[in-house]
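Presented below is the structure to which this report refers.
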Amino acid sequence: MHCDILTIFPSLFASVLNQSILLKAQEKGLFSYQVHNIRDYTKDKHRQVDDAPYGGGPGMVFKPEPVFAAVEAVLAQRPVERIILLSPQGELFDQKKAKDLAACANLLLICGRYEGVDERVAQHLATEEISIGDYVLNGGELPALILLEAAVRLIPGVLGDDQSAAEDSFYHGLLDYPHYTRPANFRGMEVPQVLMGGNHEQIQLFRRYQALKRTWLRRPELLGKCLLNEEDREMLARIQGENK
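Residue numbering for the sequence shown follows the working numbering, starting at 9 and increasing by one per position.
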């Protein structure tokens, strides 16, 4: 995957993208990125990217000209499958969307700022808008980083063990089961015996039960979106009976 990122704060990205798993993905040739400063595509001496909104109101609005020019400059270099505007008005980002983006060869992310981005960018330039949640940030840079970290780790070969991604929270629609490591007894808090018994079938049942239980107690709305087999439904009925 290659990602072009449009922003007015290009220095925000290297400190995150050049660390840990994202750096390893680059070293393996599985991920690359290029950050473009939208101010480089302005035509006035002040490199202005914002202006007052038509109709009045508070704040400033991102101008369309430099954003269109920046995107067109990228498209002149390479084809892009998806042009994504990070926006509170966008479709909510989730694990399904992350898996979808992980399959793309070329992405382009537009990071807005100020009160908003001129609507013509959303209507006539971006292929989609994505939001990371129902709250407002100062700009699209942090959402862009979240989107990339969630998607890149799902590219086959990025993680040392691809099964790690398959067992993450939300991968199959459920929250993750609880994890434990040594020591077995820490200040009187003990690891469940089933995890130390070596019976892999019982361990899998325990983990599935715990994942269902966590999802039911914390995010019950997720259960309507995932496929449950008969055994899952039986465990869920037991969980619901125990937690009335």
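We put the CB at the ideal spot given by N, CA and C, even for glycine.
query                                                                                                                                           : result
So if DSSP puts Q42 in a beta bridge, which residue, or which two residues, is it bridged to?                                                   : D12
Could you give the C-beta distance for L100 and L14, rounded to a whole number, given that I count them as a contact under 8 Å?                 : Contact doesn't hold; Cβ gap of about 22 Å is too wide.
If I measure Cβ to Cβ from L20 and keep anything under 6 Å in the same chain, skipping five residues before and after, which residues do I get? : E149
Among the candidates L156, D240, I211, P200, whose CA atom is the shortest distance from the CA of L182?                                        : D240
Please name the residue, chosen from G65, P66, Q85, D58, that lies closest to P72 on a Cα-to-Cα basis.                                          : D58
Which runs of the alpha helix (DSSP H) at least 4 residues long sit entirely within the stretch 65-146? Give them in chain order.               : 72-85, 103-110, 127-132
So, helix, strand or coil for F5, using DSSP?                                                                                                   : No answer is possible for residue 5: it lies beyond the span of the chain, which begins at 9 and ends at 252.
So, helix, strand or coil for F21, using DSSP?                                                                                                  : helix
Examine the ligand MG and report whether any of its heavy atoms sits within less than 7 Å of the Cβ of L115.                                    : Among the components of this structure there are no ligands whatsoever, and the ligand MG is therefore not found.
Please identify the residue among A113, R86, M68, F214 whose C-alpha is closest to the C-alpha of P164.                                         : A113
Would V144 be called buried (16 or more neighbouring beta carbons within 10 Å of its own) or exposed?                                           : exposed
Helix, strand or coil, according to DSSP, for D52 in the structure here?                                                                        : coil
Per the contact definition of three or more C-beta pairs closer than 8 Å, is the stretch 117-131 in contact with the stretch 65-79?             : yes
Buried or exposed: which applies to T189, given that a residue is buried once 16 or more other Cβ atoms fall within 10 Å of its Cβ?             : exposed
Is the CB-CB distance between C11 and L115 below 8 Å?                                                                                           : yes
Going by DSSP in three states, D59 sits in which element: helix, strand or coil?                                                                : strand
If we ignore side chains and look at the alpha-carbon of each, how far apart do K221 and Y185 end up?                                           : 9 Å
Ignore the nearest five residues each way along the sequence and tell me which others in Y49's own chain have a CB closer than 6 Å to its CB.   : P74, A77, A78
Thinking C-alpha only, which one of G120, V160, P18 is nearest E35?                                                                             : V160
With a 10 Å radius around its C-beta and 16 neighbouring C-beta atoms as the bar for buried, classify M197 as buried or exposed.                : exposed
Quick check on the burial criterion: 16 or more other C-beta atoms within 10 angstroms. Buried or exposed for Y62?                              : exposed
Roughly how many angstroms lie between the CA atoms of L109 and K51, to the nearest whole one?                                                  : 33 Å
Just to confirm, are W224 and L213 a CB contact at a threshold of 8 Å?                                                                          : no
Is A22 buried or exposed, if buried means 16 or more other CB atoms sit within 10 Å of its CB?                                                  : exposed
Is the CB-CB distance between S95 and G120 below 8 Å?                                                                                           : yes
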